[in-house]
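Written out below as structure tokens is the structure these notes cover.
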Amino acid sequence: MPFASENTRFSFILLWTFATFGGFLLSLLFIEVGDKPDIGVVEAAIGGFIIALPQGCLLKEPKYCIRWILSSLLGWSIITAIGIGAVGWIVPSTQIFPVRMLYGAVYGALGGLGIGLAQWLAIPQHNAWRWIFVSSASWAFAVPVGSAIGTILHRLMQLFLGEVMGLAITWLLVGILTGMNAHKLRT
């Protein structure tokens, strides 16, 4: 019996986006957003678990849900351990706008690649390799956009909350972009 009922593509994208974005918001109860050195492997694993749980529940079978959660937890832990960082919870330390956008695109692409590779292990399809590209491209686009918005809000508000709002935009975009392809994971 599937966790989520049969949905149209649009409703699944909405559910996936809500699961991803809601997971990020919930993760903020356990993870303090900060600079790259502030987020450790344990925090990344906790965040990865919190986000993967609702995403996994949208997949068709319970065994895929469990595999999705475990592979996501593994992916977030590995990219944090190897120095890329917990991309969705870190704010670049530089305030130089072009450098920040470049770092966002590069680290977003690398982080998305790592997460995509790990999650690929949970996908049962022969063409699941596309998920690696989707994840990497989504993060490469979303991180600089969220970072730009976060920078602007931080400067306008003079509060770090602006940076957190930028990260929220990043997760919202990642939810939408990956959700447009995640519905294929259910077939």
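Residue numbers for the sequence shown follow our numbering, beginning at 2 and rising by one.
For each residue, glycine too, the CB sits at the ideal point set by N, CA and C.
Across the structure, Phe13 and His184 are spaced so that their CA atoms are roughly 6 Å apart. Take Ile85, set aside five residues on each side of it, and the residues of its chain with a beta-carbon closer than 7 Å to its own are Tyr108, Leu111, Gly112, Gly115, in chain order. In this model, Gln159 and Ile47 are separated by some 29 Å (Cα to Cα).
When DSSP states are grouped into helix, strand and coil, Ile47 belongs to the helix group.
For Ile91, the secondary structure class from DSSP, reduced to helix, strand or coil, is strand.
Check the Cα spacing between Trp140 and each of Gly57, Gln56, Gly117: the tightest is with Gly117.
A check of alpha carbon separations from Ile67 across Ala53, Ile80, Ile79 identifies Ala53 as the nearest. Cβ atoms of Gly57 and Ile70 come within 8 Å of each other, at about 5 Å. By alpha-carbon distance to Pro55, the top candidate from Thr21, Thr95, Ile133 is Thr21. Sequence-distant partners of Ile133 (beyond 5 residues in either direction) whose C-beta falls short of 7 Å from its own C-beta, in its chain, are Leu114, Gly117, Leu118, Trp121. Pairing Leu178 with Val135, the inter-Cα distance amounts to about 8 Å.
Distance check between Ile97 and each of Leu15, Met166, Ile153 places Ile153 closest, using alpha-carbon atoms only.
Judged by DSSP in its simplified three-state form, Phe98 adopts helix. The closest CA to that of Gly24, considering only Leu173, Asn182, Val43, is found on Leu173. With 16 or more other CB atoms across the displayed protein chains lying within 10 angstroms of its CB, Leu74 is buried.
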